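Asker:
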Amino acid sequence: MPHWLVVLSWAGVAFGVASALVVAVDLLVANRQAMWIMNVVWPVTALWAGPLGAAAYFRYGRAGSEASRQAAKGRGQTPPNRAQPFPVLVAKGTMHCGSGCTLGDMAAALLVLAAPFTVFGHRLFGAWVYEFVAAFVLGVAFQYFTIMPMRHVSAAEGLKDALKADTLSLAAWQIGMYGWMAVTTFAIFDRDLGPSSVVFWFMMQIGMVAGFFTSYPINWWLLRKGIKEAM
Numbered sequence: 061m062p063h064w065l066v067v068l069s070w071a072g073v074a075f076g077v078a079s080a081l082v083v084a085v086d087l088l089v090a091n092r093q094a095m096w097i098m099n100v101v102w103p104v105t106a107l108w109a110g111p112l113g114a115a116a117y118f119r120y121g122r123a124g125s126e127a128s129r130q131a132a133k134g135r136g137q138t139p140p141n142r143a144q145p146f147p148v149l150v151a152k153g154t155m156h157c158g159s160g161c162t163l164g165d166m167a168a169a170l171l172v173l174a175a176p177f178t179v180f181g182h183r184l185f186g187a188w189v190y191e192f193v194a195a196f197v198l199g200v201a202f203q204y205f206t207i208m209p210m211r212h213v214s215a216a217e218g219l220k221d222a223l224k225a226d227t228l229s230l231a232a233w234q235i236g237m238y239g240w241m242a243v244t245t246f247a248i249f250d251r252d253l254g255p256s257s258v259v260f261w262f263m264m265q266i267g268m269v270a271g272f273f274t275s276y277p278i279n280w281w282l283l284r285k286g287i288k289e290a291m
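Mapped onto this note's numbering, the consecutive letters of the sequence shown carry residue numbers 61 to 291.
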C-alpha cells in the first residue's frame, strides 16, 4: 500500500471524525433540531463528508433548530428550513437516507470482522449482504421516525409509508457505494481491503459521496411526488 495513500486516508478519516464532533457539539450546546432524527443525520453526514458536511450544517442545518422553528412560528412565518431552495431540501433528504445507510454499512463492516463469510468467493460480496440488511433496517427506521410525528398516522401506516419513501432512495445510495467499493477492490487494489485497514474506511467515505450522487435524483423525484417528507 503506498505510504502517501495511508497518510491521506488517516487525514480523511481524521477530518471526518473532527467534523462530526464539531457538528455534534454545536447541536448539543445550542441548536438541537426540531426534527430529532436530524440530530443524528448531521453528525453522520459530517463523518463521511468531512468539512463540507460541517459547512452544509452551519449553512443549512442550523435553520432546522427548535429555536429557529419557534421564532418563525411566533412571527407567523414558515420555518427557515422549510423555506430553503428545493435542491437544498433534496440534498437534506438524501443525507437523511444516507445516514441510515452509513450507520448500517459501518456496523456491518465491523460485523464482518467477527463473522466473515464469502459469496462467489469474495468476502466483499458477503459484507454487502450484511451491509444491505443493516442499511435497509436503519434507513427505514430513520424514515419511520420522520413520518410518524409529521403525518400522525398509525404505526402500520407509518411503516408502509417509510418503506415507500426509503426503498428506492436506499437502493440508489447503495448502488453508488457498492459501485465505488467494487472499483477499489477489483480495479484499484485487486484485493479485499477489509475494515482493519484505514484505507478501507477512507474508501468508504468516498463511497458515501458516490452514494449521495446516485441517490440524489431519486430523492428529487420522491419529494416532488410527495412520497417523501422534506426535512
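Just so it is clear, CB atoms sit at the ideal spot from N, CA and C, and this is done for glycine as well.
Owing to the predicted nature of the structure, the values given are computational and were not obtained by experimental measurement.
In the structure shown, what three-state DSSP assignment does residue 265 receive?
Answerer: Here residue 265 refers to the residue found at position 205 when the sequence shown is read from its first residue. Helix.
Asker: What number of angstroms, rounded off, separates the C-alpha of residue 124 from the C-alpha of residue 206?
Answerer: The count along the sequence shown starts at 1 and reaches residue 124 at position 64. The count along the sequence shown starts at 1 and reaches residue 206 at position 146. Cα to Cα, the separation comes out at about 14 Å.
Asker: Do residue 157 and residue 79 have their C-beta atoms closer together than 9 Å?
Answerer: In the sequence shown, residue 157 corresponds to position 97, counting from 1. In the sequence shown, residue 79 corresponds to position 19, counting from 1. Contact flag unset, no.
Asker: For residue 126, I'd like the list of residues in its chain whose CB is within less than 8 Å of its CB, leaving aside the five on either flank, ordered along the chain.
Answerer: Taking the sequence shown and counting its residues from 1, one reaches residue 126 at position 66. 92, 93, 94.
Asker: Measuring straight from C-alpha to C-alpha, what distance separates residue 200 and residue 237?
Answerer: Position 140 of the sequence shown, counting from 1, holds the residue named residue 200. Position 177 of the sequence shown, counting from 1, holds the residue named residue 237. Approximately 18 Å, taken between the alpha carbons.
Asker: What do you get for residue 288, buried or exposed, if any count of 16 or more other CB atoms within 10 angstroms of its CB means buried?
Answerer: Residue mapping note: residue 288 aligns to position 228 of the sequence shown, counting from 1. Residue 288 comes out buried.
Asker: Can residue 69 and residue 196 be called in contact, C-beta distance under 9 Å?
Answerer: Counting from one through the sequence shown, the residue named residue 69 turns up at place 9. Counting from one through the sequence shown, the residue named residue 196 turns up at place 136. Not a contact, by the Cβ cut-off of 9 Å.
Asker: Please state if the CB of residue 148 and the CB of residue 114 are separated by a distance shorter than 9 Å.
Answerer: For the purposes of this step, residue 114 is taken as the residue at position 54 of the sequence shown. For the purposes of this step, residue 148 is taken as the residue at position 88 of the sequence shown. No, Cβ-Cβ distance for residue 114 and residue 148 is not below 9 Å.
Asker: Closer than 8 Å is the cut-off here; do at least three beta carbon pairs connect the segment 101 to 118 with the segment 278 to 285?
Answerer: With the cut-off at 8 Å, the segment 101 to 118 and the segment 278 to 285 do not touch.
Asker: I need the straight-line Cα distance from residue 146 to residue 278, nearest angstrom please.
Answerer: In the sequence shown, residue 146 corresponds to position 86, counting from 1. In the sequence shown, residue 278 corresponds to position 218, counting from 1. Computed Cα separation, rounded: 14 Å.
Asker: Taking 7 Å as the limit between beta carbons, can you name the residues of its chain near residue 159, skipping five residues before and five after?
Answerer: For this step, residue 159 is matched to residue 99 along the sequence shown. Hits under 7 Å: 100, 101, 104, 105, 202.
Asker: Buried or exposed for residue 61, please, with buried defined as at least 16 other CB atoms from any protein chain shown within 10 angstroms of its CB.
Answerer: Mapped onto the sequence shown, residue 61 falls at position 1. With fewer than 16 Cβ atoms within 10 Å of its Cβ, residue 61 is classed as exposed.
Asker: Residue 270: which of 97, 227, 244 sits nearest, CA to CA?
Answerer: As a first step, residue 270 is located in the sequence shown; it is residue number 210 there, counting from the start. The candidate whose alpha carbon is nearest that of residue 270 is 244.
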